[in-house]
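Trainee: Counting from 1067, one number per residue, gives the positions in the first sequence under this note's numbering.
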Amino acid sequence: MTDNTQRPDSGHADRTPDLPTQYAPADVEGPLYERWVERGYFEADAKSEKKPYTIVIPPPNVTGTLHLGHAFQHTLMDALTRRKRMQGFEALWLPGMDHAGIATQNKVEQQLAEEGKSRDDLGREQFVERVWQWKEEYGGRILGQMRRLGDGVDWSRERFTMDEGLSKAVQTIFKKLYDDELIYRAERIINWCPRCLTAISDIEVEYQDDDGELVSIRYGEGEDSLVVATTRAETMLGDTAVAVHPDDERYAHLIGKQIKLPLTDRTIPVVADTHVDPEFGTGAVKVTPAHDPNDFAIGQRHNLPSMTIMDERGVLTVHGPFQGLDRFEARSAIVGALREQGRIVAEKRPYTHSVGHCSRCKATVEPRLSMQWWVKVEPLAQAAGDAVRDGRVKIHPEDMSKRYFDWVDNMHDWCISRQLWWGHRIPVWYGPDGETICVGPDEQPPTGEGWHQETDVLDTWFSSGLWPFSTLGWPEKTPDLEKFYATDVLLTGHDIIFFWVARMMMFGLYAMDGQAPFHTIALTGLVRDEHGKKMSKSNPNSVDPLDWMDAYGSDAVRFTLARGANPGADVPIGEDWVQASRNFANKIWNATRFALMNGATVEGELPPVEQLSATDRWILSRLNATIAEADGYYDDYQFAKLTDALYHFAWDEVFDWYVELSKTTFMAGGEPAKVSGRVLGEVLDVLLRLLHPVIPFVTETLWTTLTGKESAVIAAWPKDSGFRDAAAEQEIAVLQQVVTEVRRFRSDQGLQPGQRVPAQLDLSGTALAAHEGAIRQLLRLQPAGEGFHATATLPVAGATVALDLSGTIDVEAERKRLTKALAAAEKDKAQSTAKLGNEAFLAKAAEAAVEKIRKRLETAEADIERITAQLAGLPKG
RNA sequence: GGGCGCAUAGCUCAGCGGUAGAGCGCUGCUCUUACAAAGCAGAUGUCGGCGGUUCAAAUCCGUCUGUGCCCACCA
């Protein structure tokens, strides 16, 4: 099956794996993915007997392309579903896209603008038609990129929020909410984007500190005057009052009076309102009910009229010299005019204050009084909060739930109408006599003279709020809905808790009779650059993950992202780290090549324990412990710890030690080599399966080559056999200690790694007798022949290694080394003695801790004795 | 203005009461029966400052400083 990786000159003739010496991801990844899809591995079966495991994808915008944030979340979701599939669940990862109202409409409008046209030139129907065309032609590029990443989604269930079925879901729930009086229409101050020409919800407003200027303007004349401060001078033309605090003595004489509004022929009242902070500015506030949410509230309390002075594009409409000016032009013009009249008392510039911007186009939001549709959020939000409070839905990591509660417990009604054309049109019809009818999906809209449908569409988050069940067929009781709802995990960035997560909770609980849409909400951080800085399109640090996938393979990108995934925390990623991951993939690749060249196999039963060497028992013990560890991390969404554990087990233990030790066995041949081959086969088989959910491509290639089986995608998940062998682990730990210590000596002595040295090994104080051959091999030690003269004797962990360096020994280096070792041992002894002399410690510390210290003391004392003797035996310098 | 979080090796981060860890980077030696995208060995930290609790504190408490994020109707 790896014919695409074969090279004619790939070496040994006997049992040659068809693997080149370097892993070349590009050759493998594309074809593998398409094969998986063709074989239907990712298609879930609603009729299956298996337990379901469901994740719905946070639907990317149709306009979107894959960025690192997607790659990150997709990697984790893919790993979760792939593992569950291997564990025998009916795993469904459902893909799809969001129609993304404003974003998409803007895109197509831009396109039209290039043709010199506007949406009005086309008219609503044609424009919407055009958007659909755009979608067919350019939309959904991200879907191809998801294939590239390796996302194991069920393409047969791909959904789009504007699909017929999903539109029906929207209409159904709208009708239900309307009938339950949870949807209503009202005139309020809303956030208006003068560029997109639509209302937007509170959370679609991004606040940022902008430089403005705070001007103080004198209103009224003489005695009957006061000074107000504002950053929005242009709105003064719409002022209908000035407000002061009721207890503010400075203005007590003015309350209730009318004062002259400059630049107009109007007079406005001075009202008393506790909202005013007497400490701030002059303690007097101009009140513009139609253009400021606070002022609107004041207006309501005092029955003030609202005067709208701008049109939907932010152009002044009041008669007079300022008519036709844009709001920003008007601001400076009006300040200029006031200055001429001597009414500007003070100016402060720049004055930094927080200004709202449209999250879509960054235009400054204009508070605007208008008629909109609202969801009455209170009962829904209550239920959404309770579901988490009573533990039916878990938020992971847990401290993120505070944010969730803060939001759902203080939610304002949700403005759901948008003055756009692209989206779900509100299913309400207005009659000639002022009637309003909400039309359900199975009802006929009213016909006849004078009836017309609401022109507004719904906020795009309205339909995405239905995503966990609309995609499964709701409102029909489909087998999918039956089988796969509620979903298991919602995995998404903490930045859309409010936009999306809370809304799905509200709608899910409401539509599905109190059954929450997911059991667990796993919140991830945001992807950052290698210095922890935010990546954004406007920053040069922004990276296209496709570039990295081209250079290092999808697996490398995936592994890097998973490795950075500490729950809820932001993920820094840099190209160096992707390289490191690629190196890891290459390492596994070569280790598997080595194994195959030495007869590693998965054929037959594992040999019984009696036939296994300590080395074999050690690695199998560690292997099973690693399975258990990996399972724990997978279950807890601890991807950083998971990948770290597998990385170190694979590289440090299997590749650096087990494979190295097994070389001796393989060279010797015979039955032990066979046993080792079977064990190595087992270790790699399991390891590759453990890694497969995170790095599916390399592991698939290697695993199928190793096992000859169809695919790792449908392989069984490894099970911890429970086999542990503490004695073997201890034995190998001692072996490692001996080898490392002697290597350090060799290195200190300046010996070249390959240089053979005659040596005598005394392993009688250890359990390492059986490993002498391996130790000699790892340390390049020759048998001590005729005339052997030990120039250095190294005592390590009960073993003694005597080396003959035939007078070439560097006495000074050795003295230095020994002195250092002696100091370390003495420090250890001192610390341990102190500890053991501490009665409070002995009384309170755990038995194991005390035992550990005793052992340390023992070792230290033995070391001091040996090292002292060695130092004494060194020739004088 | 409120809330939350973070300060540990040059960089990015684990550890969260019992001898300071990882990856990358750095130094030296190496083509050694897979892998130089590698191997072996090595160096590097008063765990942000100051107090406190404890036999024992990077780890718990207080406080200060720096820094990041979220929320809020700062005219």
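Ideal placement from N, C-alpha and C gives every residue a C-beta, glycine not left out.
Nothing here was measured: the structure is a model prediction, and the numbers come from that model.
Can you list, in chain order, the residues of its chain with a C-beta nearer than 6 Å to that of Trp-1487? Leave out the 5 residues immediately preceding and following it.
Mentor: Numbered from 1 along the first sequence, position 421 holds the residue referred to as residue 1487. Contacts found: Arg-1190, Phe-1193, Val-1194.
Trainee: Please state whether the Cβ-Cβ distance between Leu-1955 and Arg-1484 is less than 8 Å.
Mentor: The first residue shown for the chain is 1067 and the last is 1943, placing residue 1955 beyond what the model contains.
Trainee: What did DSSP end up calling Tyr-1496 once you bin it into helix, strand or coil?
Mentor: The residue given as residue 1496 occupies position 430 in the first sequence. If DSSP states are grouped into helix, strand and coil, Tyr-1496 belongs with the strands.
Trainee: In chain order, what residues of the same chain have a beta carbon less than 6 Å from the beta carbon of Ala-1588, not counting five sequence neighbours either side?
Mentor: Along the first sequence, one-based indexing puts residue 1588 at 522. Around Ala-1588: His-1462, Val-1555, Leu-1557, Tyr-1703.
Trainee: Any chance the stretch 1399-1418 sits against the stretch 1236-1249, with 3 or more Cβ pairs inside 8 Å?
Mentor: no
Trainee: How would you label Pro-1074, buried or exposed, when you count the other beta carbons within 10 angstroms and need 16 or more for buried?
Mentor: Counting from 1 along the first sequence, the entry for residue 1074 is found at position 8. Its pLDDT being 32, under 50, Pro-1074 is placed unreliably by the model, and the measurement read from it follows with that caveat. The residue in question, Pro-1074, is exposed, as its Cβ has fewer than 16 Cβ neighbours within 10 Å.
Trainee: Given this structure, state the Cα-to-Cα distance separating Val-1862 from Gly-1457, to the nearest angstrom.
Mentor: Counting from one through the first sequence, the residue named residue 1862 turns up at place 796. Counting from one through the first sequence, the residue named residue 1457 turns up at place 391. Rounded to whole angstroms, Val-1862 to Gly-1457 spans 55 Å at the Cα level.
Trainee: Just verifying my parser: in three-state terms, what is the DSSP assignment at Asn-1172?
Mentor: Indexing the first sequence from 1 puts residue 1172 at position 106. The answer is helix: DSSP assigns Asn-1172 an H, G or I state.
Trainee: Residues in the same chain with beta-carbon distance under 6 Å from Phe-1034, minus the five sequence neighbours each way, listed in chain order, please.
Mentor: Any question about residue 1034 goes unanswered here, given that the chain covers just 1067 to 1943.
Trainee: Answer yes or no: do Pro-1583 and Ala-1552 have a C-beta to C-beta separation smaller than 8 Å?
Mentor: By one-based count along the first sequence, residue 1583 stands at place 517. By one-based count along the first sequence, residue 1552 stands at place 486. In contact: Pro-1583 and Ala-1552 (Cβ atoms closer than 8 Å).
Trainee: In whole angstroms, what separates the C-alpha of Asn-1257 from that of Gly-1106?
Mentor: Position 191 of the first sequence holds residue 1257. Position 40 of the first sequence holds residue 1106. Near 47 Å, if we compare the C-alpha coordinates of Gly-1106 and Asn-1257.
Trainee: Going by the DSSP bridge assignment, what does Leu-1329 pair with across the sheet?
Mentor: Counting from one through the first sequence, the residue named residue 1329 turns up at place 263. DSSP output for Leu-1329 lists no bridge partner at all.
Trainee: Just to confirm the assignment, what range does the alpha helix (DSSP H) spanning Phe-1471 have?
Mentor: Sequence index remark: in the first sequence, residue 1471 carries index 405 (1-based). Element bounds for Phe-1471: 1467-1474.
Trainee: Can you give, in chain order, each stretch of the alpha helix (DSSP H) that sits fully within the stretch 1723-1774 and has at least 4 residues?
Mentor: 1725-1734, 1736-1757, 1762-1773
Trainee: Would you call the CB atoms of Ala-1896 and Ile-1933 closer than 8 Å?
Mentor: Locating residue 1896 in the first sequence gives position 830, where the first residue counts as 1. Locating residue 1933 in the first sequence gives position 867, where the first residue counts as 1. Taking 8 Å as the Cβ cut-off, Ala-1896 and Ile-1933 do not qualify as a contacting pair.
Trainee: Check for me: the beta strand (DSSP E) holding Val-1823 runs from which residue to which?
Mentor: Stepping through the first sequence from its first residue, residue 1823 is reached at position 757. For Val-1823, the enclosing beta strand (DSSP E) has its first and last residue at 1823-1828.
Trainee: Taking the alpha carbon of Glu-1737 as the reference point, which residue from Gly-1665, Leu-1817, Lys-1893, Thr-1513 has its own alpha carbon closest?
Mentor: For the purposes of this step, residue 1737 is identified with residue 671 of the first sequence, where counting begins at 1. The residue with the shortest Cα to Cα distance from Glu-1737 is Gly-1665.
Trainee: Please report the distance separating the alpha-carbon of Ser-1872 from that of Thr-1087.
Mentor: The residue labelled residue 1872 in the question sits at position 806 within the first sequence. The residue labelled residue 1087 in the question sits at position 21 within the first sequence. Looking at the two C-alpha atoms, the distance is approximately 40 Å.
Trainee: Rounded C-beta distance between Leu-1650 and Arg-1688? I'm assuming under 8 Å.
Mentor: For this step, residue 1650 is matched to residue 584 along the first sequence. For this step, residue 1688 is matched to residue 622 along the first sequence. The question names Leu, but residue 1650 is Phe in the sequence shown. Actually they are not in contact, since the Cβ atoms of Phe-1650 and Arg-1688 sit about 18 Å apart, beyond 8 Å.
Trainee: Our contact map puts Tyr-1724 next to Val-1749 with C-beta atoms below 8 Å; I'd like the distance itself, whole angstroms only.
Mentor: The residue given as residue 1724 occupies position 658 in the first sequence. The residue given as residue 1749 occupies position 683 in the first sequence. Contact flag correct, Cβ pair sits at about 7 Å.
Trainee: So is Met-1571 buried or exposed if we call it buried at 16+ other beta carbons inside 10 Å?
Mentor: Numbered from its first residue, the first sequence carries residue 1571 at position 505. Burial call: buried.
Trainee: Taking a contact to mean a Cβ-Cβ separation below 8 Å, would you say Thr-1765 touches Gln-1139 in this structure?
Mentor: Position 699 of the first sequence holds residue 1765. Position 73 of the first sequence holds residue 1139. Not closer than 8 Å, so no.
Trainee: Using a Cβ-Cβ cut-off of 8 Å (strictly less than) and excluding sequence neighbours within five positions of Val-1946, which residues of its own chain qualify?
Mentor: Nothing can be reported for residue 1946, as the shown portion of the chain is limited to 1067 through 1943.
Trainee: Any chance you could list the beta strand (DSSP E) runs of at least 3 consecutive residues sitting entirely within the stretch 1274-1343, in chain order?
Mentor: 1290-1296, 1307-1310, 1324-1326, 1333-1338
Trainee: Return the bridge partner residues of Tyr-1250 from the DSSP annotation.
Mentor: The residue labelled residue 1250 in the question sits at position 184 within the first sequence. DSSP lists Trp-1440 as partners of Tyr-1250.
Trainee: Reducing DSSP to helix, strand and coil, say where Asn-1127 ends up.
Mentor: Walking along the first sequence from the start, residue 1127 turns up at place 61. Correct three-state label for Asn-1127: strand.
Trainee: Does the structure place the stretch 1528-1541 close enough to the stretch 1141-1156 that three or more beta carbon pairs sit under 8 Å?
Mentor: no
Trainee: Please work out which residues of its chain come closer than 8 Å, Cβ to Cβ, to Gly-1816, disregarding the five sequence neighbours upstream and downstream, and give them in chain order.
Mentor: In the first sequence, counting from the first residue as 1, residue 1816 sits at position 750. Around Gly-1816: Asp-1876, Ala-1879.
Trainee: Within its chain, find whatever has a CB closer than 8 Å to the CB of Arg-1081; leave out the 5 residues flanking it on each side and keep chain order.
Mentor: If you number the first sequence from 1, residue 1081 lands on position 15. Because the pLDDT of Arg-1081 is 38, which lies under 50, any placement of that residue in the model is unreliable, and the question is left without a value.
Trainee: Beta carbon of Asp-1682, beta carbon of Val-1779: below 8 Å?
Mentor: Stepping through the first sequence from its first residue, residue 1682 is reached at position 616. Stepping through the first sequence from its first residue, residue 1779 is reached at position 713. Going by C-beta atoms, Asp-1682 is not nearer than 8 Å to Val-1779.
Trainee: Would you mind sorting Leu-1908 into buried or exposed? The rule is 16 or more other CB atoms within 10 Å of its CB.
Mentor: Taking the first residue of the first sequence as position 1, residue 1908 is located at position 842. Leu-1908 comes out exposed.
Trainee: Assuming Gly-1210 contacts Val-1593 under a Cβ cut-off of 8 Å, what Cβ separation, rounded to an integer in Å, is found between them?
Mentor: Taking the first sequence and counting its residues from 1, one reaches residue 1210 at position 144. Taking the first sequence and counting its residues from 1, one reaches residue 1593 at position 527. Your pair Gly-1210 and Val-1593 does not check out as a contact, with CB atoms roughly 21 Å apart and the cut at 8 Å.
Trainee: How long is the line joining the alpha carbons of Glu-1927 and Ala-1856, rounded to whole angstroms?
Mentor: On the first sequence, position 861 is the one that residue 1927 refers to. On the first sequence, position 790 is the one that residue 1856 refers to. Approximately 24 Å between the Cα atoms of the pair.
Trainee: By the 10 Å Cβ neighbour count, where 16 or more other Cβ atoms means buried, how is Asn-1690 classified, buried or exposed?
Mentor: Here the question's residue 1690 lines up with position 624 in the first sequence. When all chains shown are included, Asn-1690 counts as buried.
Trainee: Is the stretch 1163-1182 touching the stretch 1097-1114, taking contact as three or more C-beta pairs under 8 Å?
Mentor: Using a C-beta cut-off of 8 Å, the stretch 1163-1182 makes no contact with the stretch 1097-1114, since fewer than three inter-stretch Cβ pairs fall below that distance.
Trainee: Buried or exposed for Met-1437, going by 16 or more other Cβ atoms inside 10 Å?
Mentor: By one-based count along the first sequence, residue 1437 stands at place 371. Per the 10 Å Cβ criterion, exposed.
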